[in-house]
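Below is one structure, written out as structure tokens; comments come after it.
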Amino acid sequence: MNNAPKDEAKPVKTVSVYTQTTKSPEEIKQAPVGSVECIVQQVPSYYHQSFMELFPSIRCEVGDLNVLTLCQRSKLDSSVYSEDMALEREQLLKNFISASMEIVSKLISAGYWANFIDPASGRAFLGTYCNNTFYETDERYRHLGFKIEDLGCCKAIIHRFWGTNVFVGSIFTDAPIDSPLLKNIFTEDVSKN
Numbered sequence: 000m001n002n003a004p005k006d007e008a009k010p011v012k013t014v015s016v017y018t019q020t021t022k023s024p025e026e027i028k029q030a031p032v033g034s035v036e037c038i039v040q041q042v043p044s045y046y047h048q049s050f051m052e053l054f055p056s057i058r059c060e061v062g063d064l065n066v067l068t069l070c071q072r073s074k075l076d077s078s079v080y081s082e083d084m085a086l087e088r089e090q091l092l093k094n095f096i097s098a099s100m101e102i103v104s105k106l107i108s109a110g111y112w113a114n115f116i117d118p119a120s121g122r123a124f125l126g127t128y129c130n131n132t133f134y135e136t137d138e139r140y141r142h143l144g145f146k147i148e149d150l151g152c153c154k155a156i157i158h159r160f161w162g163t164n165v166f167v168g169s170i171f172t173d174a175p176i177d178s179p180l181l182k183n184i185f186t187e188d189v190s191k192n
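Okay, so the sequence shown: first residue is 0 according to numbering that gives the first Met the number 0, each after it adds one.
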């Protein structure tokens with residue numbers, strides 16, 4: 000059992016990228032298939048070291064590591080395997096990698112460190128290879144606002160409104176949560192995909 004405090008993360012800021020504005024929970028709940036929600040929050044201090052192990056060549060102080068969680072609403076339920084679901088997830092993976100590469104590039108160009116986790120391998124996309132992973136059903140997602148359901152044969156991540164009709168990926172950065180760059184980067188880049 001994990002003894003980590005439950006609410007140590009700073010308040011979550013939610014940006015609904017598909018309309019380029021911040022949305023209310025009810026509007027996010029009603030978002031159409033294909034919508035993207037970005038949740039920006041500080042990595043809880045009790046998980047700082049665990050997340051930094053994903054990026055062994057980077058040094059970042061506790062409180063300076065932030066995670067941008069991109070949630071794409073899927074048409075098909077990820078907890079029920081089918082060939083159509085697998086094809087949809089493959090396309091959502093491509094969308095995530097494309098958007099993440101643009102976002103990370105923009106953050107690095109502005110002088111910040113940034114990297115993202117390849118959901119297919121669970122490893123950092125850029126930089127030094129390591130054995131540490133962060134998959135979509137990793138228990139650490141529980142402390143980033145998601146539920147993880149054990150289905151017996153596998154696990155599924157559960158979005159607070161979209162349930163298991165979601166594809167989740169994460170970008171890590173030392174850019175401040177309230178920086179104008181983070182507030183505007185999503186409407187400039189993610190909405191293109």
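Built from N, CA and C at the ideal position, the CB exists for glycine as well.
Helix, strand or coil at residue i [DSSP, three-state]
i	result
L69	strand
I57	coil
I176	coil
N164	coil
V39	strand
Q19	Caution is warranted here: a pLDDT of 36 is assigned to Q19, below 50, making its placement in the model unreliable, and no coordinate value can be reported.
N114	strand
For residue j and residue i, believed in contact at Cβ under 8 Å, the rounded distance
i	j	result
V39	L67	5 Å
F95	F166	7 Å
P118	E135	6 Å
Beta-bridge pairing of residue i - partner residues as DSSP gives them
i	result
E148	A155
Residue nearest to residue i in terms of C-alpha spacing, selected from the options
i	options	result
V103	S23, A119, S169 and Q29	S169
T127	F54, Q48 and F160	F54
P175	K22, V61, P24 and V32	V61
F115	I156, A30 and L64	L64
D173	G110, G144 and N164	G110
L180	F145, S44, I107 and V35	I107
Close beta carbons around residue i, own chain, < 7 Å, minus the five adjacent residues each side
i	result
T18	Confidence at T18 is low in this model, with a pLDDT of 34, below 50, so the placement of that residue should be treated as unreliable; the coordinate-derived value is given next. Same-chain partners within the cutoff: there are none.
L150	S78
T163	D76, S77, S78, A155 and I157
D83	L75
M141	Note on identity: in this sequence residue 141 is Arg, with Met being the wrong assignment. The residues are I147.
Residues of its chain near residue i, where Cβ-Cβ distance is below 6 Å and the 5 sequence neighbours each way are ignored
i	result
W161	R72
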